[in-house]
Structure formats: C-alpha cells, structure tokens
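Take 7 as the starting number for the sequence shown in the numbering used here and just add one per residue. Yeah, the Cβ is synthetic: ideal placement off N, Cα and C, and Gly gets one too. So the structure is just underneath, and the comments pick up after that.
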Amino acid sequence: MAMETVERWTPAWMALVRTYARLWDQVEAQMRQDSGLTMPRYDVLMQLDLAGGRLGLTELASSIVLSPSGLSKLLDRMESSELIRREPDPSDARSTFARITPRGRSLVRKARDGHHAWLQQVFGDALDDRDVADLTRIMQRIAEHSPSR
Numbered sequence: 007m008a009m010e011t012v013e014r015w016t017p018a019w020m021a022l023v024r025t026y027a028r029l030w031d032q033v034e035a036q037m038r039q040d041s042g043l044t045m046p047r048y049d050v051l052m053q054l055d056l057a058g059g060r061l062g063l064t065e066l067a068s069s070i071v072l073s074p075s076g077l078s079k080l081l082d083r084m085e086s087s088e089l090i091r092r093e094p095d096p097s098d099a100r101s102t103f104a105r106i107t108p109r110g111r112s113l114v115r116k117a118r119d120g121h122h123a124w125l126q127q128v129f130g131d132a133l134d135d136r137d138v139a140d141l142t143r144i145m146q147r148i149a150e151h152s153p154s155r
C-alpha cells in the first residue's frame, strides 16, 4: 500500500476514533448519572421496548453491540435486577424470548427522555440536515466495506 494512500485517510480515521471514544465516555457517564443504567442495559431495554416488549434472543443479539456470551451474562444480571425476564418459546423448545418487565419499561422510558435530550444537544444541534445526510451516507459506505462478524 502506498504511503500517500494511508496518509489520505489516516486523519479521518483518527478523528473518527477520537470522537467516538470521547462521545462514548460522555454518553456512558450521562446515562449512569441520569438513570443508573449502563449503555448495554439501556440498549437491551430500548430494543425490547421498541419491539413491543419481547424479542427472541437471536434477534436481540443481532440488534445490539455485544457478543452472544456477553449478552447472556448481561441478561442474567438484568433478570436478577427484575428489568427483564426470559421465557421459553412455546413453539420451539430451543428458543427463548427476552421480555421487558414493567420496571424495565418504566426505567428505559424515563432514561430515554434525558438521553435523547443530551444527544440532541451534543450531536443533533451540531449538525445540519446536509451533515446528517452526509454522515449517514459515509457510515453506510464504511459498513458495506467492513467484514461482517
């Protein structure tokens, strides 16, 4: 690979990595301060709430950013905290559903308001419509060129 090729995209890559790391640390801190949730717990609860309250574990695993074993351990802790419960699939003994509890639904809806307000301030207010379209297009292009897990 030619050095001028690497030099062409390296500044953009470093800006992406640094911005992501800084924003992720801030969003984690905001979520913990406002609701006591970690981002992975919030992600699971949001996915369940948006899906009407219940998802198969395979579907849930594909919609969040955790490994299957990481998700299993997280669901164990969330079940102990009475945020979700696991239920067998009556039509397939090999499958299990995750269902949000009333406590989990209340917590995620309360957390969502503060989270979205924070994201609006930090992300939404920084970008105009063209920026959003460009960023979305760029992220989709990168996703299409990256190997799937």
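Item                                                                                                                                              : Value
Considering only their Cβ atoms, is the gap separating R92 from T102 smaller than 7 Å?                                                            : yes
Can you tell me which of V71, R109, D95 and V138 puts its alpha carbon nearest to the alpha carbon of E85?                                        : R109
Opposite E93 in the DSSP bridges: which residues?                                                                                                 : F103
Quick one: residues in its chain with C-beta nearer than 8 Å to the C-beta of R2, no 5 flanking neighbours on either side, listed in chain order? : As displayed, the chain neither begins before 7 nor continues past 155, which places residue 2 out of reach and without an answer.
Just to confirm, is the Cβ distance from R111 to D55 under 7 Å?                                                                                   : yes
Are G120 and D40 closer than 7 Å when you measure CB to CB?                                                                                       : yes
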